[in-house]
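>
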Amino acid sequence: YEAKLADIPELARAQVNIVLYQEFGQTLAETLGQPWLQAPMGMQGTTDFLLKLGELLGTQETARAFVKQEKQTTLSAIWDLWKGPQSDWFPTTNFGIVGSRTYVAGFTAFLGDELGMPVSFTSSRPLRSGEPDNEAVRQILHSKPPAFVFGSINEKIYLSEAGAKHTSFIPAAFPGPIVRRAVGTPFMGYRGAVYLLQEIVNRLYETLFNFLPVDTGYAKASQNGAGASKQPGNLPWEAEARVALDDALARLPFLPRISASREIQMQAEQAALEAELSQVTAEIVQQVLLKRNL
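Residue numbers for the sequence shown follow our numbering, so the first one is 3 and each next one is one higher.
1. Cβ atoms of S131 and E25: under 8 Å apart, would you say?
2. Would you mind reading off the limits of the alpha helix (DSSP H) that contains W91?
3. Measure the alpha-carbon distance for Y207 versus G191 and round it to whole angstroms.
4. When DSSP labels each residue in this structure, what does G229 get in the three-state scheme?
5. Less than 7 Å between C-beta atoms, sequence neighbours within five positions excluded: which residues of the same chain meet that for P147?
6. Taking 8 Å as the threshold (C-beta atoms), are T124 and T110 in contact?
7. Can you tell me whether T29 is helix, strand or coil according to DSSP?
8. Measure from the alpha carbon of V245 to the alpha carbon of each residue in V69, Q288, K73, then state which is nearest.
9. Is the Cβ-Cβ distance between G98 and S122 less than 8 Å?
10. When DSSP labels each residue in this structure, what does M45 get in the three-state scheme?
11. In three-state DSSP terms, what is V1?
12. Measuring straight from C-alpha to C-alpha, what distance separates A138 and F256?
13. In the structure shown, what three-state DSSP assignment does G132 receive?
14. Going by the CB atoms, is the gap between P37 and L58 shorter than 8 Å?
15. Under a three-way DSSP split, which group does P173 fall into?
16. Based on Cα-Cα distance, which residue from L83, G178, M119, G44 lies nearest to D203?
17. Check L198 in the structure and name its three-state DSSP category.
18. Any heavy atom of the ligand ZN inside 7 Å of the beta-carbon of S170?
19. Just confirm the distance between the C-beta atoms of V18 and L39, as a whole number of angstroms; I'd bet it's less than 8 Å.
20. Distance, Cα to Cα, A230 vs I80?
21. Taking the beta carbon of T209 as the centre, do at least 16 other beta carbons fall within 10 Å, making it buried, or is it exposed?
22. Classify G56 as helix, strand or coil using the three-state DSSP reduction.
23. Let me check understanding here. Comparing Cα to Cα, which of L292, G108, A8, L291 lies closest to P188?
24. CB-CB under 8 Å to L117, same chain, minus the five flanking residues each way: which ones, in chain order?
25. Hey, quick one: how far does the alpha helix (DSSP H) through V151 stretch, first residue to last?
26. By how many angstroms is the C-alpha of A250 removed from the C-alpha of K232?
27. What do you get for V185, buried or exposed, if any count of 16 or more other CB atoms within 10 angstroms of its CB means buried?
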């Protein structure tokens, strides 16, 4: 680390102090009486931070030039990722976060306000009035988990309990088995915005990849030597069976629903054929959903 304990008195002589986390240092910064700024998250937050820093230091032109350069270099990746073929994903990909108040505010502003991702829930540490506590978060993740959860080992455990295999977990709070010592994996600043968006897009592609082999029902029938007339895909469905399927799909994040719907239908129709039924029943659908932990 660049600073040592003996360097702390130098804070009182700084032109501007930067507080990385409001939970650790804001009171000291206010007590010192020097100008101070909160370390930024997201694109707009970082731009505002740099321009304000330039104003406090009397280097406005330098700050504006730096912002312009960063938009043309570092932030160009944001444009590519957000406006690329995956741009339609963001308005339908929700997220929840449990973490420090700094991260909760920063993630909500960047992912929610700037990228347009729906916010499923937020829970700060220390907890704010009206926010869900640990048990409430657990119930949310058990009943309708979002596409992404940023949090601690607690949230990872809750997702495992719920069998929420379609939810991507990204460590963003303690306690948890997380190491972020490498330069280039931040959450703050312009580079943090790029890193976060990169992680999200990669996880979305991983979700799609997991549903690529959607014809496993057909493949299984083929391996068993079933004739063409026995293939799933042509059986009628009871109304109650359709309702059961729709209810299960509604609990999934939006992105995997289409592929999951097709795969579940194939499995249900294959199970109905094996049971020598003429249609897919609600009982058959429930059996398939149970095997998939849905």
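C-beta atoms are modelled at their ideal positions from N, C-alpha and C, and glycine is treated no differently.
Quick look at the numbers:
1. no
2. Premise fails: W91 is in no alpha helix (DSSP H) and is neither H nor E.
3. 25 Å
4. The predicted model places G229 with a pLDDT of 40, which falls under 50 and marks its position as unreliable; any figure quoted below should be read in that light. Of the three classes helix, strand and coil, the one that applies to G229 here is coil, per DSSP.
5. L161, A164, A166, T169
6. yes
7. helix
8. Q288
9. yes
10. Here M45 sits in helix by DSSP.
11. Since the first residue of the chain shown is 3 and the last is 296, residue 1 is not available in this structure.
12. Going by the C-alpha atoms only, they are around 22 Å apart.
13. The answer is coil: DSSP assigns G132 none of H, G, I, E or B.
14. Their beta carbons are under 8 Å apart, which means L58 touches P37 by this criterion.
15. In the structure shown, P173 adopts extended strand secondary structure according to DSSP, grouped into three states.
16. Strictly speaking, residue 203 in this sequence is Val, with Asp absent from that position. Out of L83, G178, M119, G44, L83 has the C-alpha closest to the C-alpha of V203.
17. Three-state result, L198: helix.
18. Absent from the structure shown: the ligand ZN. Ligands present: none.
19. 6 Å
20. Confidence in A230 is poor, its pLDDT being 36 and thus under 50, which makes the residue's placement unreliable; the coordinate value appears in the next sentence. Cα to Cα, A230 sits roughly 48 Å from I80.
21. So T209 ends up on the buried side.
22. Note: G56 maps to helix in three-state DSSP.
23. G108
24. W84, F92, L199
25. Run containing V151: none in the alpha helix (DSSP H); it sits in the beta strand (DSSP E), 150 to 153.
26. Low local confidence applies: a pLDDT of 47 at K232 is under 50, so the model's placement there is unreliable, with the coordinate-based value given in what follows. When rounded, the distance between both Cα atoms is 26 Å.
27. The residue in question, V185, is exposed, as its Cβ has fewer than 16 Cβ neighbours within 10 Å.
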